[in-house]
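Below is one structure; the comments refer to it alone.
Numbering (UniProt numbering), first residue to last: 1 to 99.
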């Protein structure tokens with residue numbers, strides 16, 4: 001028997017926010033808001049190591065934030081839902097208001 005609480009419906013949002021909790025993941029989502037990118041493009045833009053970018057893309061893919069599609073020998077990543085880009089943009093803007 002499961003007990004219903006007043007916050008049961010927030011599980012999905014909590015998982016999304018957990019997936020976005022690393023600064024590099026926020027940067028990846030911000031980059032993908034401009035269109036699909038391959039790993040090497042994200043590595044170049046973010047100045048991060050390829051294994052690190054790939055690891056964070058794996059987390060975002062597992063959370064349903066990004067999807068990958070084969071482009072020749074590479075995989076191009078894009079956002080599953082543009083709403084996530086707005087969430088990230090709003091969070092970055094809000095964080096900047098206090099400084």
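Quick reminder that beta carbons are idealized off the backbone N, C-alpha and C, glycines included. Since we're looking at a predicted model, the values are computed, not measured.
In the pairwise beta carbon analysis, the segment 1-16 is classified as not touching the segment 71-78: fewer than three pairs are separated by under 8 angstroms.
With 16 or more neighbouring CB atoms inside 10 Å of its own CB, residue 57 falls in the buried class. At the C-beta level, residue 25 and residue 52 stay beyond 7 angstroms of one another. Approximately 7 angstroms separates the beta-carbon atoms of residue 20 and residue 88; this is inside 8 angstroms, confirming the contact. Pairing residue 31 with residue 39, the inter-Cα distance amounts to about 11 angstroms.
For residue 76, the enclosing beta strand (DSSP E) stretches over residues 74-79. Leaving aside the five residues that flank residue 66 on each side, the residues in its chain whose CB is nearer than 7 angstroms to its CB run, in chain order, 32, 57, 60, 77, 78, 79 and 80.
Between residue 27 and residue 46, the gap from beta carbon to beta carbon is short of 7 angstroms. Burial of residue 37 is indicated by the presence of at least 16 other C-beta atoms within 10 angstroms of its C-beta.
Around the Cβ of residue 42, a 10 Å sphere holds 16 or more other Cβ atoms; the residue is buried.
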